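All remarks here apply to the structure that follows.
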Amino acid sequence: MNTQSAASSIVDVLRSRGEKLSVAESLTGGGLASAITAVPGASDIFLGGIVAYSNSLKESLLGVPSQDIEQFGVVSQEVAAAMAEGALHTLGTQWAISTTGVAGPGSHEGVPAGHVWIAICGPVRQTYFFDLPGGREEVRNAAISSALTAFSRILTTLGN
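All residue numbers for the sequence shown refer to the UniProt record's numbering, where the first residue is 1 and numbers rise by one.
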């Protein structure tokens, strides 16, 4: 499923369910929100997003525990889950998606470029790890596509 079709599916399903979505982004830097809002009618389901590129904003805006960042690293399942949970509560939506990872070039704090964690928080909570190939833009774009595809599949599994 490509980015546009996944985003369209998400908008359609959430609109039919009367549910709202928010995002918390780090490595994708607003790209996830941009992909969602590119879909006509996204304003019916998308309340907004938080781009928390720095650890201090992850803590202050999303409530990510500093001990999680210290213990597991900023690119981790635990931090991705906490970011999604924070967006859900801060923005008051039924669903939230988060992205954290290393786009490159090169590693960050010992984490190789291409390592990405995505979390989905709502009635279903799920985290996903991806080791994505390519340069900085390819990794960021693949992370956006992977996040939207994963969430679209969850919604399809739940049905209307």
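We put the beta carbon where it would ideally sit given N, CA and C, even for glycine.
Quick caveat, the model's predicted, so the values are computed rather than measured.
TODO: Compare the C-alpha of THR28 against each of GLY92, ALA103, HIS108 and name the closest.
DONE: ALA103
TODO: Determine which residues share a DSSP beta bridge with GLU78 and list them.
DONE: For GLU78, which the question treats as bridged, DSSP gives no partner whatsoever.
TODO: Mind listing, in chain order, the continuous beta strand (DSSP E) runs of no fewer than 3 residues lying wholly within the UniProt domain "CinA C-terminal" (5–153)?
DONE: 21–25, 46–51, 95–101, 115–121, 126–131
Open item on the list: Report the CB separation of VAL124 from LEU158 in whole angstroms; it is logged as a contact under 8 Å.
Closed with: 7 Å
Task: Local Cβ density within 10 Å of ALA80, reported as buried at 16 or more and exposed below that - done: Counting other Cβ atoms within 10 Å of its Cβ, ALA80 reaches 16 or more and is therefore classed as buried.
TODO: Whole angstroms is fine: what's the gap from SER34's alpha carbon to PRO112's?
DONE: 26 Å
Open item on the list: Among ARG15, SER26, PRO65, SER56, whose alpha-carbon lies nearest the alpha-carbon of GLY41?
Closed with: ARG15
Open item on the list: Assuming GLN94 and GLU19 are in contact, meaning their beta carbons sit under 8 Å apart, how far apart are those beta carbons, in whole angstroms?
Closed with: That belief holds up - the Cβ atoms of GLN94 and GLU19 are roughly 4 Å apart, short of 8 Å.
Task: Euclidean distance between Cα positions of GLY122 and ILE45 - done: Computed Cα separation, rounded: 14 Å.
Open item on the list: Using only the alpha-carbon positions, how far apart do TRP117 and VAL13 sit?
Closed with: 24 Å
Open item on the list: I'd like to check one pair, LEU62 with GLY30: are the Cβ atoms closer than 8 Å?
Closed with: no
Task: Whole-Å CB distance - ILE97 paired with THR3, under 8 Å assumed - done: The pair is not a contact, with the Cβ atoms about 13 Å apart (cut-off 8 Å).
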